[in-house]
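Asker:
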Amino acid sequence: MTQVAPAVAGGPPSGAGTAPPLRRRRRLDREAIAGYLFITPWVIGFLVFTAGAMAWSLYISLTRYNLATGTATPVGLANYRELFEDPRVATALGNTLFYAVLAVPLEIAFALFLAVLLDRVGKGAGIFRTIFYLPKMTPAVATAAIFFLLLNGSNGAVNRFLRALGLPAPQWLVDPDWIKPSIVLMSLWAVSGTMVIFLAALKSVPRELYEVATLDGAGPWRLFRHITVPMISGAIFFNTIVLTIAAFQIFDQAYLLFWRDQGSTAPDASLFYAIYLFQQAFRQFNFGFAAAMAWLLFVIVMLVTFVQMRFGNRFVYYEADR
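Residue numbers (our numbering): 6 to 327.
#1: Find the nearest neighbour of L63 within the set T245, L170, V312 and A295, judged by alpha-carbon distance.
#2: Given this structure, state the Cα-to-Cα distance separating V201 from P140, to the nearest angstrom.
#3: Less than 8 Å separating the beta-carbons of L204 and D124?
#4: In three-state DSSP terms, what is N157?
#5: Terminal residues of the continuous beta strand (DSSP E) containing Y70?
#6: For A77, which residues of its own chain have a beta-carbon under 6 Å away from its beta-carbon, when the five flanking residues on both sides are left out?
#7: Please state if the CB of Q258 and the CB of A116 are separated by a distance shorter than 8 Å.
#8: DSSP puts P79 in a beta bridge; with which residues?
#9: Assuming V189 contacts L111 (C-beta within less than 8 Å), just tell me the rounded distance between them.
#10: Contact check, V121 vs S238 under 8 Å by CB: the rounded distance?
#11: Let me make sure I understand the geometry here. Which of L72, I65 and T74 has the alpha-carbon closest to that of L82?
#12: Can you tell me whether DSSP reads Q176 as helix, strand or coil?
#13: Kindly indicate which three-state DSSP category V247 falls into: helix, strand or coil?
#14: Is the beta carbon of L261 closer than 8 Å to that of V146?
#15: Would a C-beta distance cut-off of 8 Å place Y278 and L98 closer than the cut-off?
#16: Can you give me the C-alpha to C-alpha distance between F51 and Q285, rounded to a whole angstrom?
#17: Can you tell me which of L276, I241 and R288 puts its alpha carbon nearest to the alpha carbon of F319?
#18: Kindly list the residues whose CB is nearer than 6 Å to the CB of I305, restricted to its own chain and excluding five residues on each side of it in sequence; keep chain order.
#19: Are the CB atoms of M298 and L102 nearer to each other than 8 Å?
#20: Here's the rule: buried if 16 or more other CB atoms are within 10 angstroms of the residue's CB, otherwise exposed. What is W300?
#21: Rounded to the nearest angstrom, what separates R330 and V48 at their Cα positions?
#22: For a test of the three-state rule: what should DSSP assign to A218, helix, strand or coil?
#23: With H, G and I counted as helix, E and B as strand and the rest as coil, what does DSSP make of F294?
#24: First and last residue of the alpha helix (DSSP H) that includes R315?
#25: Can you give the Cα-Cα distance for R30 and A37, rounded to whole angstroms?
Below is the structure:
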């Protein structure tokens, strides 16, 4: 009689334990394929409209591009050398840097102030949130028209209010020293997007921390400084980076107030980098030079963001670091 060898003690029967892992692996493969199919439209859009456009603009920056004929004559780094020889590039970049340094801290402070106010509102908080967010929904053209009237040096509402208090009333839209501050005031009109992010961060701060600190005798300022700011430091850091990148690309406010009607007669104090880039590309059709300007701005923004990430990240409180 033929004897069957006994199974190894504790070992699975022949063929057991292989089918379930195989089915699980096949299911995971199907899920991966489905995931790739879902993100395919985004990948195609990114490759064509973002990565492809960036690569094309980099090529254009090394040429003299003729829009009428669609021909591009290679010129090497000539466009980049012109960037450092054109004094208006330095003027536009200086104005943009000045605006960014002035606008970003004020926008952060004002948005945080509004968020703290909304966080303290009890009944009717939804109504106030809607009211505070409405300026964000206002078209840029309407906002520019409103501020053109508000900041009028002769009979604007802002100057009339200042004169009523006995304070000097500057020529906001005429005096070169006040043109950039006037644009900063206009940018504060639409900080509600930043305010919403701060409000969400404030809602996530544990209330027990405030209760314990209050029992220890901490006042409102100490609560804000030692609890609120550290706990929402991640949101502050994020908003700082986003607002800095947006500040380097400022266009709408200055263009609508000064360059839409005045054109070449607009004051140099209102010439920002994106406006000069727009003029080079779509007024003078100097696409190679404009592409070089765009890449210079890209490098500057990357460097500024790197510095912010390198040095600002150490001041951010992370829950996992406790």
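The beta carbon of each residue, even a glycine, is placed where N, CA and C say it ideally should be.
Answerer: To lay it out plainly:
#1: Selected option, being the one with the closest Cα: A295.
#2: Going by the C-alpha atoms only, they are around 13 Å apart.
#3: Cβ distance < 8 Å, so L204 and D124 count as in contact.
#4: Three-state result, N157: coil.
#5: From DSSP, the beta strand (DSSP E) with Y70 extends over T68 to N71.
#6: So the list reads T68 and Y70, once near-sequence residues are dropped.
#7: At a Cβ-Cβ threshold of 8 Å, A116 and Q258 do not count as neighbours.
#8: Under the DSSP definition of a beta bridge, P79 partners with T68.
#9: In this structure V189 touches L111 by the C-beta definition: roughly 6 Å separates them, less than 8 Å.
#10: 15 Å between Cβ atoms; not a contact.
#11: Just measuring C-alpha positions, the residue of L72, I65 and T74 sitting nearest L82 is I65.
#12: Residue state, collapsed to three classes: coil.
#13: Here V247 carries a helix assignment [DSSP, helix/strand/coil].
#14: Closer than 8 Å, so yes.
#15: Yes, Cβ-Cβ distance for Y278 and L98 is below 8 Å.
#16: Spanning the alpha carbons of F51 and Q285 requires a straight line of approximately 26 Å.
#17: Per the sequence presented here, residue 319 reads as Arg, with Phe not at that position. Across the set L276, I241 and R288, the C-alpha of I241 shows the shortest separation from the C-alpha of R319.
#18: Excluding five sequence positions before and after I305, none of the CB atoms of its chain fall closer than 6 Å to its own CB.
#19: Contact: no.
#20: So W300 ends up on the buried side.
#21: Given a span of 6 to 327 for the chain in the structure shown, any question on residue 330 remains unanswerable.
#22: A218: helix per DSSP, three-state reduction.
#23: Assignment of F294 by DSSP, reduced to helix, strand and coil, places it in the helix class.
#24: Run containing R315: none; DSSP gives neither H nor E here.
#25: Going by the C-alpha atoms only, they are around 10 Å apart.
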